[in-house]
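Asker: Residue numbers (UniProt numbering): 1 to 327. No residue lacks a Cβ here, since even glycine has one placed at the ideal position from N, Cα and C. Sharing a structure below in structure tokens format, with a few things to ask.
Take a look at the structure:
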């Protein structure tokens, strides 16, 4: 037999669900009559009455959701592939698309059929509804998780885009730097070629300078040799002059002696025919003095040529004067 408290909950719950009432109320009334007759356990009736408000709240929420979303999406039912199909198709999946309208029609048919069942069917339908509600809640949680994952993927995609943009900027900078480097290398190669050309010109100039220096040294050596020859010729000339002066002095002395002999004898006969030689009339002492003076002059002249200083030149002049006096 039903308790008044339970029946009050049932009325309140049915009133909260709307004016239409819940389809399982007739089944509960039949169960109540059966329990009064002793055919149904009263505890089962009490448990069902406790579950009625919860089921009505789930149904009300489903109605609100269905009224807010007039269009339904398509549900994808994926079959489990076999090992052969996985190995052949390399991970491809076959899917079957079931329209959402057909799913809603099937759900309504299942709900109407569950409501038309007897007392045992009411308990099964209530447990099915509760399980569906749990599945719906689980699906919502999964959707939330998927939304979070989708947001994370979007964030990662944005980060990837930023990284790609940064990489593109870096690549452009690297390309510009490579172009500048190539330009610098071209300029360096040009400078190197110019430097090599200048080095070749410098080496050619050094070779020409060395040749000219060698020619100059040769000319200097030839000039020195010519100067030595000139000095030698000058010395020979001076020696010849001294010899000529000495020979002239000797001739003058001989001439003076001959004139004196001619004035004393008044002989018109040539002098050389009367005497074997004029040298015999000259005093041997005078000849020795003349020879000594001549040798001294030659020695002084040679010393002056070798030293070429004032003292040697003065000594040569003195020797020449003495030679003139002796003669």
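Excluding the five sequence neighbours on either side, which residues of its own chain have a C-beta within less than 8 Å of the C-beta of residue 273, listed in chain order?
Answerer: Only weak support is given to the placement of residue 273: the predicted model assigns it a pLDDT of 46, under 50, and the value that follows is read from those uncertain coordinates. Correct list: empty, nothing qualifies.
Asker: Pop quiz: residue 316 and residue 293 are said to be a contact at Cβ under 8 Å. What is the actual Cβ separation, rounded to whole angstroms?
Answerer: About 13 Å separates the two Cβ atoms, so there is no contact after all.
Asker: When burial is assigned at 16 or more other CB atoms within 10 Å of the CB, is residue 304 buried or exposed?
Answerer: Buried: at least 16 other Cβ atoms inside 10 Å.
Asker: In or out: residue 178 buried (at least 16 other Cβ within 10 Å) or exposed?
Answerer: With fewer than 16 other Cβ atoms within 10 Å, it is exposed.
Asker: Report, in whole angstroms, the separation of the C-beta atoms of residue 130 and residue 52, which I expect to be a contact under 8 Å.
Answerer: Incorrect: roughly 11 Å between the Cβ atoms, too far for contact.
Asker: Give me the Cα-Cα distance between residue 159 and residue 166, rounded to the nearest whole angstrom.
Answerer: 10 Å
Asker: With distances taken Cα to Cα, identify the nearest neighbour of residue 291 among 249, 313, 309, 312.
Answerer: Looking at the Cα atoms, 249 is the closest of the given residues.
Asker: Is DSSP giving residue 309 helix, strand or coil here?
Answerer: coil
Asker: Tell me, to the nearest whole angstrom, how far the beta carbon of residue 242 is from that of residue 297; I am working on the premise that it is less than 8 Å.
Answerer: 6 Å
Asker: Taking the C-alpha atoms as reference points, what is the distance between residue 43 and residue 140?
Answerer: 34 Å
Asker: May I have the straight-line CA-CA distance separating residue 137 from residue 156, to the nearest angstrom?
Answerer: 28 Å
Asker: Taking its Cβ as the centre, do 16 or more other Cβ atoms sit within 10 Å of residue 319, making it buried, or is it exposed?
Answerer: buried
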